[in-house]
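Here the sequence shown is numbered in my numbering, starting from 5 and rising by one per residue. In this text, a Cβ means the ideal position worked out from N, Cα and C, and glycines have one as well. Worksheet for the structure shown next.
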Amino acid sequence: MQQFIMCGRNSVVESYQNGVKIDTIYLSKESNKNLFTNFKGKIIIKDNAFLDKLSEGENHQGFVALISNIKILDINYLIKNQPSKVLILDHIEDPRNLGAIIRTANAAGIKDIILSKDKSADLTPTALKTSSGGFVNMNFYKVSSISATITKMKENNYWVYATALDKKALPHTKANYNSPCAIVVGNEGKGVSKSVLSVVDQTIYIEQFGTVQSLNVSVATGIVLFDLVNKNAS
């Protein structure tokens, strides 16, 4: 089973307190071991050089944990179980953006996220730390082709909406989200790829009223996701 690395005092302590299954905790000599008095796994004291390497350069503050219960599932699991709302990330590159998106998706009640296998941010220590525990109870799917995955989802009753500003795009506030549905958000610089746009059902955009040209992808994702869940709740 693949293990993932989480680091930072708050991230590790809060995950432990919230029942995240942690296999091993690595602490620096200065870290407070008593924060984990009922921990059933291993607690290992290491020097900062070891923790620096394990955390891949992320600021660990003397706290690093190994976890293995992050769910990476086959796309056929999603097709079979048909969750009503799915988030698709088309080559998000910045691990901090990925982590922020995971955190936002969790807050919106989204439990299924599709990721690109290649040329994308992975579930690194930075991404997990930024997610602030948002990965808990989340289903992740890593796919080779976003466009092929969308085509398969559409063949199985999904409606797919992508954030893009083209001639057919609707303001997200005017979109009627059919169910089950998926929202696609694209790369920080390039947006949603042309191959993906060619297979989605509808493009949507966020109307802006100031002087800035664009929004951070994690902010834009949050706006669209909460619009989706609020419309489904009404």
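Each residue's CA atom was taken as its position, placing residue 13 and residue 63 some 10 Å apart. Take the alpha-carbon of residue 133 and the one of residue 20: they are about 14 Å apart.
Going by C-alpha positions, residue 57 is about 45 Å away from residue 161.
Counting the other CB atoms within 10 Å of its CB gives residue 153 a total of 16 or more, which places it among the buried residues.
Residue 18 and residue 66 do not touch by the CB rule: their CB atoms are close to 15 Å apart, not below 8 Å. The residues 207, 208 and 209, in chain order, have a CB closer than 7 Å to that of residue 173 in the same chain once the five nearest residues on each side in sequence are set aside. Around residue 199, the same chain offers 151 as residues with beta carbons nearer than 7 Å, after the five sequence neighbours per side are excluded. No Cβ-Cβ contact shorter than 8 Å links residue 91 with residue 201. Taken in chain order, the whole alpha helix (DSSP H) runs of length 4 or more contained in the region 121-181 are 129-135 and 150-159. Inside the region 78-108, DSSP marks whole alpha helix (DSSP H) runs of 4 or more residues at positions 79-85, from first to last along the chain. Beyond the five residues adjoining it in sequence on each side, residue 135 comes within less than 7 Å, by CB distance, of 103, 106 and 107 in the same chain, given in chain order.
Straight-line spacing of the CA atoms in residue 142 and residue 42 works out to 25 Å. Distance between residue 119 and residue 147, taken at the CA atoms: about 6 Å. Counting only runs of 4 or more residues that sit fully inside the region 190-221, the alpha helix (DSSP H) segments are 198-201, in chain order. The distance from the Cβ of residue 16 to that of residue 69 is about 5 Å, consistent with a contact at the 8 Å cut-off.
Counting C-beta atoms within 10 angstroms of its own C-beta, residue 213 has fewer than 16 neighbours from the protein chains shown and is therefore classed as exposed. In the three-state reduction of the DSSP assignment, residue 227 falls in the helix class, which pools H, G and I.
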